[in-house]
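UniProt numbering numbers the first residue of the sequence shown as 1 and each following residue consecutively.
Backbone N, C-alpha and C define an ideal beta-carbon position, used for all residues, glycine too.
Scroll down for the structure; my scribbles are underneath it.
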Amino acid sequence: MCYCKTINLNEDKPAGQTGALKQPPAPAGVDKAFRCAECGKTFSQRSNLIRHQRLHATDKPHKCPECGKGYSEPAALARHQKSHAAGKPFQCGDCGKGFNWSSHLERHRRIHTGERPYECGDCGKGFSVSSHLERHRRVHTGERPYKCDECGKAFAVSSTLAQHQRVHAADKPHRCQDCGKAFGLGAALLAHQRKHRGEKPFQCPECGKAFGFTSHLERHRRVHTGERPFQCDDCGKSFSRSSHLYRHRRVHTGEKPRKCTDCGKTGAQLLAHQRAHRGEKPYPCGHLEHKGGGEDEVLGGGWIECLGGRVATHLVFTQTVWVLACVSGCHLISPDVHFFF
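As structure tokens, then:
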């Protein structure tokens, strides 16, 4: 026979003090380095901290299609949905989830079988649902149908727009203790804090360069593979980044989205144009000359030359910034100067 003792959680506590139980000390040899900024609870793995922080998050993106109730994790939603399964004639033999229509059950079962019958004609990637393929195709076409009403920024996926709109939201409960910047999601705060700590856990196996995010590593690796998965439907030109395709398509549409607040002129090179109004001259070396037909040509192998006879190297494009380092020996250029075109 088992005898269980009932414990009063508030026993021996001063009046009014009814806080959570203290955590037991970690086992010897276990380093709990990841601490929740909300409640102070510590974890030995970052993934466990991220999962725990969803408990504090007001955002619950996984909604039940039956009743609209939201959950922070898909597993919690799956457990809840079983409560709606009663009276649904088509039931999954693997997990017990019920459906009103056999077609919905058939689509659901692909989760368990791994079947992906819908294949992208551009890259061969497979999907279990046709709508997921349709959404993926925007990666190749550059289409961004979901636009933010606040700032005009456009996105290919509605969920990405919803996530972006939290930038404008007043409610940002997760605040960085280093710089005070606030975030709507605990996961966004964790990603931001890597910048303060200088953490770059994702390393390129080709060159050893490290990144703070897996998406940045994936994008970087195209430098080594030469992969250009984003193709223009109008002219067939390919790009390594979707943002480059999005910018390139303005050549065909004639779109000039940015307008100068001083004179009203529109154009792609707004930053350089605005410096002309301010009289700024950011070039420390007057010897640089652009040798290429434009941004895309430089990305594809164009180059910039110092007219003193030295070629600039380490050419990297980041939207509106060319980061250059002239070959050592050119005393007119500092080793790592940002040039804007």
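Residues in the same chain with beta-carbon distance under 7 Å from Leu217, minus the five sequence neighbours each way, listed in chain order, please.
Sequence index remark: in the sequence shown, residue 217 carries index 217 (1-based). Only Phe202, Cys204, Phe211 meet the Cβ criterion.
Kindly indicate which three-state DSSP category Gln91 falls into: helix, strand or coil?
What you label residue 91 is simply residue 91 of the sequence shown in a count that begins at 1. Of the three classes helix, strand and coil, the one that applies to Gln91 here is strand, per DSSP.
What residue range does the alpha helix (DSSP H) around Gln53 cover?
Here residue 53 refers to the residue found at position 53 of the sequence shown. Run containing Gln53: 46 to 53, per the alpha helix (DSSP H) assignment.
Could you pull out every residue in the same chain whose Cβ sits closer than 8 Å to the Cβ of Ser159, ignoring the five residues on either side in sequence?
Walking along the sequence shown from the start, residue 159 turns up at place 159. Excluding residues within five positions, the ones whose Cβ falls inside 8 Å are Pro61.
Should His174 and Ala33 be called a contact, given that it needs their Cβ atoms to be closer than 8 Å?
For the purposes of this step, residue 174 is taken as the residue at position 174 of the sequence shown. For the purposes of this step, residue 33 is taken as the residue at position 33 of the sequence shown. Result no, Cβ atoms of His174 and Ala33 do not sit closer than 8 Å.
Can you tell me whether DSSP reads Lys22 as helix, strand or coil?
The sequence position of residue 22 within the sequence shown is 22, counting from 1. Low confidence applies here, because Lys22 scores a pLDDT of 40, under 50, leaving its location unreliable; read the following figure in that light. Lys22 falls in the coil class under three-state DSSP.
Consult DSSP for Gly70 and reduce its assignment to one of helix, strand or coil.
As a working note, residue 70 is residue 70 in the sequence shown. In the structure shown, Gly70 sits in a strand (DSSP, three-state: E or B).
Close-in-space but distant-in-sequence residues of the same chain around Glu206 (CB under 8 Å, 5 per side omitted):
Locating residue 206 in the sequence shown gives position 206, where the first residue counts as 1. Closer than 8 Å at Cβ, skipping near neighbours: Arg221, His224.
Determine, using beta-carbon pairs with one atom in the stretch 228 to 237 and one in the stretch 128 to 142, whether at least three such pairs fall under 8 Å.
yes
Taking DSSP as the reference, what is the three-state secondary structure of His314?
Start at 1 with the first residue of the sequence shown, and residue 314 comes out as number 314. Residue placement at His314 is poorly supported in this model, since its pLDDT is 36, which falls under 50; the coordinates are not used for a value here.
I'd like to check one pair, Ala187 with Ile50: are the Cβ atoms closer than 8 Å?
On the sequence shown, position 50 is the one that residue 50 refers to. On the sequence shown, position 187 is the one that residue 187 refers to. Cβ atoms of Ile50 and Ala187: closer than 8 Å.
CB of Tyr118 within 8 Å of CB of Ser130, strictly
In the sequence shown, the residue the question calls residue 118 occupies position 118. In the sequence shown, the residue the question calls residue 130 occupies position 130. Cβ atoms of Tyr118 and Ser130: closer than 8 Å.
Does DSSP classify His108 as helix, strand or coil?
Looking up residue 108 in the sequence shown gives position 108. Note: His108 maps to helix in three-state DSSP.
Would you identify the three-state DSSP class for Ala156, choosing helix, strand or coil?
Taking the sequence shown and counting its residues from 1, one reaches residue 156 at position 156. Residue state, collapsed to three classes: coil.
Could you please give the first and the last residue of the uninterrupted alpha helix (DSSP H) stretch that includes His248?
Counted from its first residue, the sequence shown places residue 248 at position 248. That run of the alpha helix (DSSP H) goes 242 to 248.
Status (buried if at least 16 other CB within 10 Å, exposed otherwise) for Gln53:
Your numbering for residue 53 matches position 53 in the sequence shown. That one is buried.
Taking the Cβ atom as the reference point for each residue, do His248 and Lys237 lie within a distance shorter than 8 Å?
Locating residue 248 in the sequence shown gives position 248, where the first residue counts as 1. Locating residue 237 in the sequence shown gives position 237, where the first residue counts as 1. Yes; because the gap between Cβ atoms is below 8 Å, this pair is in contact.
Looking at the structure shown, is Ser131 part of a helix, part of a strand, or coil, going by DSSP?
As a first step, residue 131 must be located in the sequence shown, where it is residue number 131. Note: Ser131 maps to helix in three-state DSSP.
Rounded C-alpha distance that separates Gly126 from Phe155
For the purposes of this step, residue 126 is identified with residue 126 of the sequence shown, where counting begins at 1. For the purposes of this step, residue 155 is identified with residue 155 of the sequence shown, where counting begins at 1. C-alpha separation (whole angstroms): 22 Å.
Which ranges does the alpha helix (DSSP H) cover as unbroken runs of at least 4 residues, wholly within the stretch 137 to 210, from first to last along the chain?
158 to 165, 186 to 197
Buried versus exposed call for Phe213 [16 or more other C-beta atoms within 10 Å across all chains shown]:
In the sequence shown, residue 213 corresponds to position 213, counting from 1. Exposed: under 16 other Cβ atoms inside 10 Å.
Alpha-carbon to alpha-carbon, Leu133 and Gln163:
Counting from 1 along the sequence shown, the entry for residue 163 is found at position 163. Counting from 1 along the sequence shown, the entry for residue 133 is found at position 133. Looking at the two C-alpha atoms, the distance is approximately 21 Å.
Go to Arg221, then tell me how far its alpha helix (DSSP H) extends in each direction, as first and last residue.
Here residue 221 corresponds to residue number 221 of the sequence shown, with the count starting at 1. Unbroken alpha helix (DSSP H) run through Arg221: 214 to 225.
Hey, how far is the Cα of Glu227 from the Cα of Arg137?
Sequence index remark: in the sequence shown, residue 227 carries index 227 (1-based). Sequence index remark: in the sequence shown, residue 137 carries index 137 (1-based). Near 17 Å, if we compare the C-alpha coordinates of Arg137 and Glu227.
With a threshold of 16 other CB atoms inside 10 Å of the CB of His244, please say whether the residue is buried or exposed.
Sequence index remark: in the sequence shown, residue 244 carries index 244 (1-based). Answer is buried; the Cβ neighbour count reaches 16.
For Arg219 and Gln200, the rounded distance between their alpha carbons
As a working mapping, residue 200 is identified with position 200 in the sequence shown. As a working mapping, residue 219 is identified with position 219 in the sequence shown. The identity of residue 200 in the sequence shown is Lys, whereas the question assumes Gln. If I take the Cα positions, the gap works out to 15 Å.
Where does Ser72 land, buried or exposed, given buried means 16+ other C-beta within 10 angstroms?
Here residue 72 refers to the residue found at position 72 when the sequence shown is read from its first residue. So Ser72 ends up on the buried side.
Member of Ser240, Gly93, Arg46, Thr42 whose CA lies at the smallest distance from the CA of Arg110
Against the sequence shown, residue 110 aligns to sequence position 110. Selected option, being the one with the closest Cα: Gly93.
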